[in-house]
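Residue numbers (the working numbering), protein chains in the order written: chain A, 1 to 227; chain B, 228 to 321. Structure record follows, encoded as structure tokens.
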Amino acid sequence: MVPASPVTIVRLGFRQTWIGASAADLERTRACFDRDHAVVLRELLEPDVLAFALRQVELDGFEERVHDQLVSRPVDLRLRPGVASAVLMLLTNDAPFLDFVRRATGLHDVRSFRGVIHRRLPNAGHDDAWHNDLVDRRLAVLSINLSPEPYEGGVLQIRELPAGRIVYEFANTQPGDAVLFALGDRLQHRVTPPEGRVSRTVCAGWFRSEPVRPSVGLPTRGHTRLL
Amino acid sequence: MTEVSLQTTVRASDDVVVRELDGEAVLLNLESGMYFGLDPVGTRVWQLIDQHHRLSAVVSAMCEEFDAPPETIERDVLRLVSELVEKRIVVAGP
């Protein structure tokens, strides 16, 4: 299955969000999202943001999280709160980017994004179950690849119910690229386990209808430590 | 608290990422990991700093826009900028 959006149409930078999508690009992106339930956003992170995030992720450090609800009780690593998470939350909640997402998906209720950075180790028995994420006013998913080099496995799969037919498969292995995909009560998704020797590290989360500040936990004034 | 005056010029630190979320500025210092959230008035001060740099110009513009005594505006702007300098969110020039 060939992902749409082979060109860069939106980029998150330290100074600003760059929207390069023409009206025709947005129309194509929207059509792709409607048809495939997903679109790939090439080079979503500008090179200096990507370089900073890759470096900062290692500095912030991970903590183990055991998935007790899965039979194999796999362990993945969740990034500790720190600068890497904070900067990505700030950039992904920029008004022009949220507006782009609304126009690219047709999800007019999108008002905020909240995600976490996590890492899955190869061959750690991480068999993801099919799920739909439909809680907590979630509308769509964004997964930004923060793996420093291409990994194997880690394929996003989307299936339609009730038939259960897989309608979308994509391994987002290019650092800084992102996949934006739909949620729905007739859709489920999962990610296949990473294989080989390279871990899969992503910033993944949900666009939601909740306003930005309560969603992201930002202060209304004054200063504070990170999330 | 860092001393600043109306003659001080300031600019955003290279280590700061700024975004306006729901109309209010959020400043993140990448080096220290500190957030600084501004209310709508503080956000307007921030925009004027970006535009004018010199604090006398910032205060003049604020006086035209806000119905408050000039001395109150001057005191509040200088206090806010002092704090921003202290947190290394802005850099003060000559």
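Each residue gets a CB set at the ideal place from its N, CA and C atoms; glycine is no exception.
List the residues that DSSP assigns as beta-bridge partners of residue i.
i, result
"residue 194/A", "153/A"
"residue 120/A", "200/A"
"residue 236/B", "281/B"
"residue 274/B", "DSSP lists no partner for residue 274/B."
"residue 11/A", "18/A"
"residue 287/B", "Note: residue 287/B sits in no beta bridge, so no partner."
"residue 115/A", "205/A"
"residue 318/B", "238/B"
"residue 188/A", "159/A"
"residue 41/A", "178/A"
"residue 141/A", "181/A and 206/A"
At the 8 Å Cβ level, is residue i part of the contact set with chain A, yes or no?
i, result
"residue 246/B", "yes"
"residue 227/B", "Within the shown structure, residues of chain B are numbered from 228 to 321, placing residue 227/B beyond reach of any answer."
"residue 255/B", "yes"
"residue 319/B", "no"
For the alpha helix (DSSP H) holding residue i, just list the boundary residues, first then last.
i, result
"residue 28/A", "23-36"
"residue 100/A", "95-105"
"residue 64/A", "Where residue 64/A is concerned, there is no enclosing alpha helix (DSSP H), although the beta strand (DSSP E) it sits in stretches over 62-66."
"residue 147/A", "Counting along the chain, residue 147/A falls outside any alpha helix (DSSP H), and DSSP gives it neither H nor E."
"residue 83/A", "83-92"
List the endpoints of the continuous beta strand (DSSP E) containing residue i.
i, result
"residue 338/B", "The structure shown does not extend to residue 338/B, since chain B spans only 228 to 321, so no value can be given for it."
"residue 180/A", "178-182"
"residue 263/B", "261-264"
"residue 17/A", "17-19"
"residue 133/A", "Unbroken run through residue 133/A: none, as it is neither H nor E."
"residue 166/A", "165-170"
"residue 251/B", "251-256"
"residue 246/B", "243-248"
"residue 78/A", "75-79"
Please return the same chain residues whose Cβ sits closer than 7 Å to the Cβ of residue i, not counting the five positions on each side in sequence.
i, result
"residue 137/A", "208, 209 and 210"
"residue 148/A", "54 and 175"
"residue 318/B", "237, 238 and 240"
"residue 50/A", "175 and 176"
"residue 22/A", "none"
"residue 93/A", "112, 113, 212 and 216"
"residue 188/A", "130, 131, 132, 159 and 161"
"residue 306/B", "none"
Could you confirm whether any beta carbon from chain B is found closer than 8 Å to the beta carbon of residue i?
i, result
"residue 76/A", "no"
"residue 82/A", "yes"
"residue 90/A", "yes"
"residue 86/A", "yes"
"residue 211/A", "yes"
"residue 170/A", "no"
"residue 14/A", "yes"
"residue 128/A", "no"
"residue 95/A", "yes"
"residue 221/A", "With a pLDDT of only 45 at residue 221/A, under 50, the local geometry of the prediction cannot be trusted, and the value read off the model is given with reservation. Closer than 8 Å: yes."
Give me, in chain order, the residues of the same chain whose beta-carbon lies closer than 6 Å to that of residue i; leave out the 5 immediate sequence neighbours on both sides.
i, result
"residue 177/A", "42 and 145"
"residue 60/A", "79, 80, 82 and 84"
"residue 288/B", "275"
"residue 17/A", "94, 96 and 97"
"residue 126/A", "74, 120 and 193"
"residue 9/A", "20, 21 and 25"
"residue 283/B", "233"
Does at least one heavy atom of the ligand GDP sit under 7 Å from the Cβ of residue i?
i, result
"residue 147/A", "Absence of the ligand GDP is noted for the structure shown, with no ligands found whatsoever."
Can you name, in chain order, every residue of its own chain whose Cβ lies under 8 Å from the Cβ of residue i, other than the five neighbours on each side?
i, result
"residue 226/A", "In this prediction, residue 226/A scores a pLDDT of 34, lower than 50, which makes its location untrustworthy; the coordinate-derived value is nonetheless stated afterwards. Within the same chain, residue 226/A has close Cβ partners 81, 82, 83, 85 and 86."
"residue 320/B", "235, 236, 237, 238 and 280"
"residue 110/A", "98, 101, 102, 139, 140, 207, 208 and 209"
"residue 273/B", "245, 252, 254 and 265"
"residue 168/A", "1, 36, 37, 38, 156, 157, 158 and 181"
Between the stretch 23-43 of chain A and the stretch 94-108 of chain A, do three or more beta carbon pairs fall short of 8 Å?
-> Enough Cβ pairs lie closer than 8 Å, so yes.
Specify whether the stretch 278-287 of chain B and the stretch 192-205 of chain A touch according to this definition: at least 3 beta carbon pairs, one from each stretch, less than 8 Å apart.
-> Judged by pairs of C-beta atoms under 8 Å, the stretch 278-287 of chain B does not touch the stretch 192-205 of chain A, as fewer than three such pairs exist.
Would you say the stretch 75-85 of chain A touches the stretch 151-168 of chain A, given that touching needs at least three Cβ pairs under 8 Å?
-> Touching, no, given that fewer than three Cβ pairs across the two stretches are closer than 8 Å.
Touch test, the stretch 248-260 of chain B against the stretch 304-316 of chain B, Cβ-Cβ under 8 Å, three pairs minimum = Under the 8 Å Cβ criterion, the stretch 248-260 of chain B counts as touching the stretch 304-316 of chain B, having at least three qualifying pairs.
Are the stretch 294-302 of chain B and the stretch 115-123 of chain A touching, with three or more C-beta to C-beta distances below 8 Å?
-> No, they do not touch.
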